[in-house]
Amino acid sequence: MSARQSLPGRGTTWLARAGGLVWLGICWLAITTSGFAQEVVRNDFGPAKKILLVFSESRDLPGNAMMEQALRAEMIKDSTNRLDFYVENLEFSRFSDENHARAFRDFLRQKYAGQNLDLMVAFMGSNFNLTNELSGRVFAGVPVVFVAVSELNIPAALRQPDWTGLVQRFDIAGTLSLLFRLQPETHRVVVVSGMSATDRLTMDRIKMAATALDGIEFEFWTNRPIAQMGEGLASLPKGSAILLSTVQRDMAGQAYYSSQLAQMIVPIASAPIYVLSAGIVGSGVVGGAVVDFENLGAHAGQLAVERLQGGTTNQFPVEVRTVGTPMVDWRALQRWGIPQSRLPADTVIRYEPHSFWGDHKALILTITTVILAQALTIAGLLINRRHRQQAEARARANQEARALVAAIVESSDDAIIRKDLNGNIITWNRAAERLFGFDAAEAIGKPITIIVPPSQLPEEMDILERARRGEPIHNYETVRRTKSGRDLQVSIAISPIFDESGKVVGASKICRDISSKKEAEMEIRRQRAELAHVARVSTLGQLTAALTHELNQPLGAILRNAEAAELFLQGNEPDLNEIRAILADIRKDDQRAGQVIERMRSLLKRRSLVSDPVDLRETVQDTLALVGPDLLARQVKLTVAIPDPLPPVMGDRVHLQQVLLNLILNGLDAMNQAVGEDRTLAVSVRLKTPDWLEVAVSDGGTGLSPVEGQQLFEPFFTTKPNGMGMGLAISRTIIEAHGGKIRAENNAGPGATFSFTLPVGPG
Ligand code: ADP
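First residue of the sequence shown: 7, per the working numbering; consecutive thereafter.
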């Protein structure tokens, strides 16, 4: 720890500067005091340690004053005891005769009789003698710590058991090295020195240092009184520098304080001045590797504290130092145009104009940090508040959304039920109450199976399983049972419910009563079947004439054969073989008539659409059998093309027959005016793709006008005077119910072709 760092009051000065920043002050105090308390445990209530500070020269000399202040500060800071300082000022060089010395010793002896000093600190300047004597004769047995800045050899007397101390020699080499570093162009050094023993010693050391510097001219100005040096110093040529050594006494016997001497020669000197002691820096000289008195005093203070706390000089030997502290006067650097960049890194720069930043760097940084910290805190608080507000708004929106959802759920016409993964009911809305007859209190907590008829239980298990896997189910139509045991047709939609981690925790089920919709659908189907039936009856009506003829023919033959049989039986020996043949004919004709009647009956029967495998070849042939007589009557030629083998289609044979019948009769109607080859009706079946069969009915009739083409399949569209306009509309309904398509197009030649497709059935 250097003396500079350990000077007292830095923390408090800083505090004072911090002024009104109470907050800061508190922080600083907290930091500094806690650190301090750890270093020293002071026993302030014990007896104070008595320390005598003895100055062999004037206590007011700048170096002495600096050392004393630093020493006291260091001791107060580090000592565990309360300290009591006494000060004596011997001024040896002013009052050097033995009488005076003796009188002074006597005076001190009386003054300090019975005081029991604990320590004597001797500031010995350049002379070691008097203090030595004092210690031996007056304060025998009191341990001594001494500080000396001297070039003298240390007398053996100082190496006593109770003595310890520091001797600082001038750092001449360091000062010259600084000189040449700052002013490398220097080739001539003028050394100004005194004539005292000490002065000469110092000068000898400078001479020794000079011999090591080749090419530099040294001049030692000792042979003329200082007062006469002015002219010479004022006319030094360029490339010169002055080294001010000690001048305790000049040739004329004149004594000088170095700092005063410097002040005298600085204004007249034409070259920069370098010095050996910190006390001179400030009087206009450039600087040097100087004796740093504060550092020296603080170091002596540490030795004094250690000495007070015990130990012997074996542990605290005399220390001799020659290392100076590079120190310059900023103003002198400016004056001589010496760039600051040439300074060694650890140089102490004195008298540099203070910038606000330089002076208050720590304070500014601290205040900036505090402001920044406050700004950050405020920003943080604002952001925090904003986040909180957003979170509140989100929570409010969430709550509102929940309330809205709850209201929607409650007011929904559909039953909305939530169940857990075990199938237990968790929520049950009003529509569920209405639909199933259980009120919420009854249903909640019960298994969902209370509304599932036994036959649907496996299905419900499957639904639950799918919900557990997180699979939704849309518009699934099934049956559910009410509290009163009535079965309802329902459409259900199941959505899995996830928790925040994405795990399925249950399912919501929307259940819509579709009983009335189902009934309406059935009614439509029934009406459609009814309509189809009416249409068939009316279509058959068109065939009546031909069919009457078709029936009359076998009936007439039966009659005629019956009469013939009667005649045979009236004979004596009726020919039984002949009668057998007649009866066979009768059966054949009866079967023929029966078949005609059966075909008509099946078409006349009311029936709804069924889905069975249908052989289209048979269907076509049955239909042609019905219209055969009409074809004959209308003299229309018929061609039929059906591939063999033909896969079956799935469908309703009677309805498909009705479609074919419609198309064939329409074709015949269209050919009413046709002549020759045009009066041909072509019926064909083909495998359009492996999955689809196509049936086509082609005529050579009028063909279709564009307008007709668009409206043909609309109900009640007809161009015939007695037409109903339902044939094609019903045909389209039937074909679409089979999954197929029906269409119409004009032929390349005369007439039109109506065709429909049907999916190939299994097998
Ligand atoms: P309707 O036979 O009672 O008129 P349809 O629905 O069977 O009712 O036919 C509607 C109309 O389509 C017919 O009136 C006719 O104008 C037209 N049409 C049907 N088939 C043919 C065809 N093969 N050639 C020309 N026009 C046709």
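Don't be surprised by glycine CBs; every beta carbon is placed ideally from N, CA and C.
Is G171 helix, strand or coil by DSSP? strand
Roughly how many angstroms separate the alpha carbons of Q664 and L615, rounded to a whole number? 12 Å
* Between the C-alpha atoms of M209 and Y118, what's the straight-line distance to the nearest angstrom? -> 40 Å
Could you tell me which residues DSSP pairs with W698 in its beta bridges? T695, P765
| message | Is M770 a contact residue of the ligand ADP, with contact defined as CB to any heavy atom under 7 Å? | response | No answer is possible for residue 770: the residues shown for the chain start at 7 and end at 769.
Exercise for the section: Leaving aside the five residues before and after A449 along the sequence, list all residues of the same chain whose C-beta is less than 6 Å from its C-beta, in chain order. Expected result: I431, W434
Q. Quick one: Cα of V642 to Cα of T686, how far?
A. 6 Å
Quick check on this structure: which residue in V540, V602, F362, G562 has the alpha carbon closest to the alpha carbon of G733? V540
In chain order, what residues of the same chain have a beta carbon less than 7 Å from the beta carbon of S544, not counting five sequence neighbours either side?
M730
task: Count the other C-beta atoms from every protein chain shown that fall within 10 angstroms of the C-beta of N389, then say buried if there are 16 or more, exposed otherwise.
output: At residue 389 the sequence reads Ile, which differs from the Asn that was named. So I389 counts as exposed.
- Could you tell me how far apart the beta carbons of R65 and N95 are, in whole angstroms, since I believe they sit closer than 8 Å? 5 Å
Please state whether the Cβ-Cβ distance between T629 and A688 is less than 8 Å.
Their beta carbons are not under 8 Å apart, which means T629 does not touch A688 by this criterion.
Discussion item. Closest to A631 by C-alpha separation, out of S361, R605, L674, L652, would be which residue?
Written reply: Answer by Cα proximity: R605.
| task | Determine the direct distance from the alpha carbon of Q495 to that of G767, and round the result to whole angstroms. | result | 30 Å
* To do: Compute the Euclidean distance between the alpha carbons of V511 and N668, then round it to the nearest angstrom.
  => 59 Å
Open item on the list: Considering only heavy atoms of the ligand ADP, does any lie closer than 7 Å to the CB of G709?
Closed with: Indeed, a heavy atom of the ligand ADP lies less than 7 Å from the Cβ.
field: Limits of the unbroken beta strand (DSSP E) element including M333
entry: Unbroken beta strand (DSSP E) run through M333: 331-335.
(message) Taking DSSP's pairing of strands, which residues face P653 in a bridge?
(response) According to DSSP, P653 bridges with nothing at all.
Just to confirm my understanding: we take L787, look at its own chain, exclude 5 residues before and 5 after, and list those with CB closer than 8 Å. What are they?
Here the chain covers residues 7 to 769 and nothing more, so residue 787 does not appear.
Report task. Taking only the alpha-carbon atoms, compute the straight-line gap between A240 and G69 and give it to the nearest angstrom. Result -> 28 Å
Practice task
Give the DSSP-derived three-state secondary structure of G512 in the structure shown.
Solution key: In the structure shown, G512 sits in a strand (DSSP, three-state: E or B).
Restricting to Cα atoms, I'd like to know which of L140, P712, T86 is closest to L164.
Checking every option, the nearest Cα to that of L164 belongs to L140.
Would you tell me roughly how many angstroms separate the C-alpha atoms of N87 and A54, rounded to the nearest one? 6 Å
Review point. Should G715 be counted as a contact of the ligand ADP given a C-beta to heavy atom distance under 7 Å?
Key: no
Is it buried or exposed, A36, if we count other Cβ atoms within 10 angstroms and call 16 or more buried? Its pLDDT being 40, under 50, A36 is placed unreliably by the model, and the measurement read from it follows with that caveat. Classification for A36: exposed.
Taking the continuous alpha helix (DSSP H) assigned at R211, which residues delimit it?
203-217
>> Rounded to the nearest angstrom, what separates I503 and T374 at their Cα positions?
In response: 54 Å
Review point. Hey, how far is the Cα of G757 from the Cα of F722?
Key: Answer to the nearest angstrom: the Cα atoms are 22 Å apart.
Quiz prompt | Near the ligand ADP: N558 beta-carbon under 7 Å from a heavy atom | solution = no
Taking Cβ positions, are I232 and L267 nearer each other than 8 Å? yes
* So, helix, strand or coil for E751, using DSSP? -> strand
Bridge partner(s) assigned by DSSP for A421 = C517
Would you say the beta carbon of A735 comes nearer than 7 Å to a heavy atom of the ligand ADP?
-> Checking every heavy atom of the ligand ADP against the Cβ of A735, one is found closer than 7 Å.
*asked:* the ligand ADP and A413: does the residue's C-beta get closer than 7 Å to at least one heavy atom of that ligand?
replied: no
*Going by other Cβ atoms of all chains shown within 10 Å of its Cβ, with 16 needed for buried, is W363 buried or exposed?*
So W363 counts as exposed.
_In the DSSP assignment, the beta strand (DSSP E) including V354 goes from what residue to what residue?_
354-356
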